[in-house]
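Following: one structure in structure tokens, then a few remarks.
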Amino acid sequence: MSIETKIKQLAELDSTGMYFDDFLLTWDRSDDEIAAVFKVADILRDMRKSNISPRVFDSGLAVSLFRDNSTRTRFSFSSAANLLGLEVQDLDEGKSQIAHGETVRETANMISFMADVIGIRDDMYIGKGNAYMREVAEAVQQGFDAGILEQRPTLVNLQCDIDHPTQSMADSMHLIQHFGGLENLKGKKIAMSWAYSPSYGKPLSVPQGIIGLMTRFGMDVVLAHPEGYEVMPEVEDIARKNAAASGGSFTKTGSMAEAFDGADIVYPKSWAPFAAMEKRTNLYGAGDMDAIKVLEKELLKQNAEYQEWECTEELMALTRDESALYMHCLPADITAVSCEQGEVAASVFERYRDPLYMEASYKPYVIAAMMFLAKFKDPAGKLSALLQEGPRRIR
Amino acid sequence: MSIETKIKQLAELDSTGMYFDDFLLTWDRSDDEIAAVFKVADILRDMRKSNISPRVFDSGLAVSLFRDNSTRTRFSFSSAANLLGLEVQDLDEGKSQIAHGETVRETANMISFMADVIGIRDDMYIGKGNAYMREVAEAVQQGFDAGILEQRPTLVNLQCDIDHPTQSMADSMHLIQHFGGLENLKGKKIAMSWAYSPSYGKPLSVPQGIIGLMTRFGMDVVLAHPEGYEVMPEVEDIARKNAAASGGSFTKTGSMAEAFDGADIVYPKSWAPFAAMEKRTNLYGAGDMDAIKVLEKELLKQNAEYQEWECTEELMALTRDESALYMHCLPADITAVSCEQGEVAASVFERYRDPLYMEASYKPYVIAAMMFLAKFKDPAGKLSALLQEGPRRIR
Amino acid sequence: MSIETKIKQLAELDSTGMYFDDFLLTWDRSDDEIAAVFKVADILRDMRKSNISPRVFDSGLAVSLFRDNSTRTRFSFSSAANLLGLEVQDLDEGKSQIAHGETVRETANMISFMADVIGIRDDMYIGKGNAYMREVAEAVQQGFDAGILEQRPTLVNLQCDIDHPTQSMADSMHLIQHFGGLENLKGKKIAMSWAYSPSYGKPLSVPQGIIGLMTRFGMDVVLAHPEGYEVMPEVEDIARKNAAASGGSFTKTGSMAEAFDGADIVYPKSWAPFAAMEKRTNLYGAGDMDAIKVLEKELLKQNAEYQEWECTEELMALTRDESALYMHCLPADITAVSCEQGEVAASVFERYRDPLYMEASYKPYVIAAMMFLAKFKDPAGKLSALLQEGPRRIR
């Protein structure tokens, strides 16, 4: 399909709600807006492949705030910003939680005098990450309204305690590409399954992001995990409502095999129990380091009881035509490769390596699309103009 | 006032002395040069607001060297560089003091092969910071004269032991904006007052920068502090000379209330005693860590004797119409918010929050103006051309 | 010589082998390719001096991966990337050695979705650095072939265990400039000599890079070092073959004085014994920290036996006309300046300071030329177009 055709399709979507708004949760956005992100991301990728530069900023900063080490999200954000003409400036406040209230309001304004975009990753503390993003958003809105900030920087959620929209959207683009269109996802079964990992405390935002988004596409979404590894109930509610509206389904099971049975797509990945993460957040708040150590030992012990939750060849054989699409946000804990016993068998991972890397390759474009749609009221018109003017990326 | 009018006003100022020169101390610069910085900063801000990109560099580096953690100055420098088209490259040498002599000369050249600007913040050691900047300036001048460097990078003092020109200039722009013109500052009373803080060792460059600059505008500048918190006598001399020349005044008092009495502007802020900082610098030089610890305890104890030096509502009520403009370089120690007992009452700070953020918002433009004036012999002509050509910032 | 003439000379060189290839070892490249790097670097420098911007990328990332602290190489890489229009993104994995295999393959792809260039410095472990670069190169080639990466990023070796091509090439440009042409290097004697340093474990890549490259220019290359400070035998073999082919010579001596005798150029510099570095690499691999400490003590003791290996005025007096060109990759250990007893006497270093800085100034251009030649099949045509279009660097 030509870029022109894709732009025409984009023009039919109503994405005005994204204009100068933040991208914090996929379920805050309309179906048209979600579709517009996919479309713009796809067009930007096509343009870059055709050596057309979609550089829409002559200058401007994209501020990144990572509360956690991150190589791939950092590079994705940098790539997206650079593609559009923004320079990344890191706000490095250390991994310690930032004081709220006055300090957040002040810092948010101080970094935004020439910022067009702020990307935040804050996934460590249940009940805090998304709330922090909303606090920053409110602060820059106030600063803009008071005439302090010339432009209102828009936020991109690079992973919080609730959702991981750039991941779930990139994952969706991978599925759209793999199955030949968003409409083809209807009726497909995806198993979002917990898997064993020798480490603990992995964020819940990936499974939550997946069930909160994929249920919108008419898919049969199955969430599988051992008892005690529940995700946030509010997100399950959203998944249920989405499924009802889209004609798909959202079910839960305590068996990996049941989830894999006849699945078109499997997404086996470790995460921490929601309740334990909530407890840990409170212990951090209270500064009770001894209790945290005890909790961590308990969590590792709890994990160890479910070592059989591994994506093996045997389990893959249960999937549709024994060849479901295996997905992961990477890096995966690969049995006998990156750890003794992990989330996935080496032979399964190895067979899907190229698709996994391809899955990851959509993230920079998804982020760029989120930035783009927040800055242009008529994205189709703007992209069309870029296509006409034809500036080359490599000149 | 239109951008064109402002450019015409700029054209009447003689800023040729700034061409390819460093900006190290405001009192090294003529009145016309100071006014030109304000004017260019104002024009650059207007241009950005009008979506005109003043990107004058197609490539080039702006090297930053921070001896101290800094979020707001770092972002201001980055923003300024990015606005003009330069990419920031940090020279991270750790917080330890850099050896002088051969090493400075060598490093200064090694980082400057493609550097147009070097921004340095070095405010920790009395007698060292500004001297270090002059050493770097001399080194790159030698490198340029010897044909090693293609261009002579110009320096911007981002805070030293003597002056903090980007702060005092941004503060001045805030006053110019607030009172409707530089000429309206004549006769206004500003109280630059020490205030209590539970931390110690805060640099003297802010009060020194303020008394060294504001006395040039015909203002009545009052410096207030408890006994023992004297600033550098050389800077007081400059303030006295400035006041005599401008028709303003420079006076000192040991009473915060006296300073606030009838003041149009108040700037209550903690700083360390000059003599103690000098002693500490020598102890660091001698590596006498035990003596430093003793000194620090003494300083905290000394501070604690002056806890009543707080900008309260009672003190604010003494000012002109009970509503002087409250200023601070941020972050402030706010009583009962960021500390138990601090520089300013929460209600005062809260009331002035928007103006305080606005005050800070001028710094990126002041820095950009300093860079700009160092690179263009005919700044008005250049800005006029940029205005004509009309490249958009967001394309 | 005009830029046009230089471009014409470039057009006569066959550099097609560099197109979309990596620059890992100088001896992997043909004579024409080596000459093309010098020529492009020279043209880029001329262009920048003439305020012509050779910015060929509208956007794109230059990923840097330093396993070791580095100020000058970091700035050279940043400068080169910025000159061509690429933004540097650091991959900071700490100094610990990165796991090989799966992790390298994955990381290499994850950072490359929008990367045009990857620069790697990995010089600490004998047998590992160059191998790691080749692993990264293979990974991105696979990613490109599988359609995961849109462009195949090309690698630049910023120093490995075997070679330091950006250093030896910059050094060569300095010689070309100093002696008035590449052809004038024929018959010149260069003494690449070990020198005493109070630190240990300095990489061998500089002496190896010098003997592996300078022997190609018909020079008489003498390698001097105390017994036990042998370099890699494979590189000596290359030097011998090069010398035979170019009509120069490659000889070894255990006497600094003999090496300096009649030399046109001297390059006295400390390095670690190859065998000891190999042993240390193995000890690191085994995690035997106690043995490493013992080894380090032995090495310092061994170094200390050769304190007379210093580039003194007496030794300089043995060189041609008592005025050989003194070279160093910097920073040097200067006796009585940066250490008690070091590689070079203060008076010698001082006399050659400007030439030494000039030597270093070629590195950014050499790196930019390596990047440029990897991206344009017809570099002469591209440079000619840039010259015609005449975009200004400072607009």
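Here the protein sequences line up with chains W, Y and Z, keeping their order.
Residue 1 is where the first sequence starts when you use this note's numbering, and the numbers rise one by one after that.
Residue 1001 is where the second sequence starts when you use this note's numbering, and the numbers rise one by one after that.
Residue 2001 is where the third sequence starts when you use this note's numbering, and the numbers rise one by one after that.
Idealized CB from N, CA, C, for every residue including glycine.
Where does residue i fall in DSSP's three states?
i: Q208 of chain W; result: helix
i: E1087 of chain Y; result: strand
i: P268 of chain W; result: strand
i: K1006 of chain Y; result: helix
i: K188 of chain W; result: coil
i: R48 of chain W; result: helix
i: K1377 of chain Y; result: coil
i: F1372 of chain Y; result: helix
i: F2020 of chain Z; result: coil
i: R2055 of chain Z; result: coil
i: R1353 of chain Y; result: helix
i: R1393 of chain Y; result: coil
Any beta carbon from chain W within less than 7 Å of residue i's own beta carbon?
i: E2087 of chain Z; result: yes
i: L2061 of chain Z; result: yes
i: F2057 of chain Z; result: yes
i: M2114 of chain Z; result: yes
i: F1038 of chain Y; result: no
i: D1354 of chain Y; result: yes
i: L1383 of chain Y; result: no
i: L1083 of chain Y; result: yes
i: R1361 of chain Y; result: Contrary to the premise, residue 1361 of chain Y reads as Ser rather than Arg in this sequence. By this cut-off, S1361 of chain Y is an interface position.
Give the interface partners of residue i over in chain W, defined as CB-CB distance under 7 Å, in chain order.
i: E2106 of chain Z; result: L330 and P331
i: S1078 of chain Y; result: L61 and Q89
In chain Y, which residues lie with their C-beta within 8 Å of the C-beta of residue i?
i: M2358 of chain Z; result: A1146, G1147 and I1148
Step through the CB atoms of chain Z and report whether any lies within less than 7 Å of the CB of residue i.
i: R72 of chain W; result: yes
i: I394 of chain W; result: yes
i: K49 of chain W; result: yes
i: S199 of chain W; result: no
Less than 6 Å between C-beta atoms, sequence neighbours within five positions excluded: which residues of the same chain meet that for residue i?
i: D2333 of chain Z; result: S2197, C2339, G2342 and E2343
i: I176 of chain W; result: L182
i: D2122 of chain Z; result: R2067, G2129, Y2132 and C2160
Please report whether the beta-carbon of residue i lies at a distance below 7 Å from any beta-carbon of chain Y.
i: I111 of chain W; result: yes
i: R2067 of chain Z; result: no
i: P2226 of chain Z; result: no
i: P2268 of chain Z; result: no
Name the one or two DSSP bridge partners that residue i has.
i: L61 of chain W; result: W:E87 and W:A115
i: Y1326 of chain Y; result: Y:V1266
i: T1253 of chain Y; result: Y:A1224
i: V344 of chain W; result: W:C311 and W:I334
i: L2155 of chain Z; result: Z:I2118
i: S2079 of chain Z; result: DSSP lists no partner for S2079 of chain Z.
i: S1193 of chain Y; result: Y:A1224 and Y:P1268
i: F2066 of chain Z; result: Z:R2121
So, for residue i: in the same chain, excluding its five sequence neighbours on each side, which residues have a beta-carbon less than 7 Å away from its beta-carbon?
i: S1384 of chain Y; result: I1007
i: F1113 of chain Y; result: L1149
Using C-beta distances below 8 Å, list every residue in its chain close to residue i, excluding the 5 sequence neighbours before and after it, in chain order.
i: D1046 of chain Y; result: I1003 and K1006
i: T1154 of chain Y; result: F1020, D1021, D1022, F1023, D1116, V1117, I1118, M1371, A1374 and K1375
i: A1324 of chain Y; result: A1191, F1260, A1263, D1264, I1265, V1266 and M1316
i: L2299 of chain Z; result: Y2200, G2201, A2272, P2273 and A2276
Cβ closer than 9 Å: which chain Y residues qualify as neighbours of residue i?
i: F2075 of chain Z; result: L1061, V1063, Q1089, L1091, M1110, I1111, S1112, F1113, M1114 and A1115
Give me the chain Z residues within the contact set of residue i, using Cβ-Cβ distance strictly less than 9 Å, ordered along the chain.
i: N184 of chain W; result: Those within 9 Å of N184 of chain W in chain Z number zero; the least Cβ separation is about 20 Å.
Run down chain Y in chain order and give the residues with a C-beta less than 7 Å from the C-beta of residue i.
i: L2044 of chain Z; result: The contacting residues do not exist; L2044 of chain Z stays about 11 Å from chain Y at best.
Which chain W residues sit within Cβ distance under 9 Å of residue i?
i: K2375 of chain Z; result: I394
Using a C-beta to C-beta distance shorter than 8 Å, which residues of chain W count as neighbours of residue i?
i: G2143 of chain Z; result: Y357
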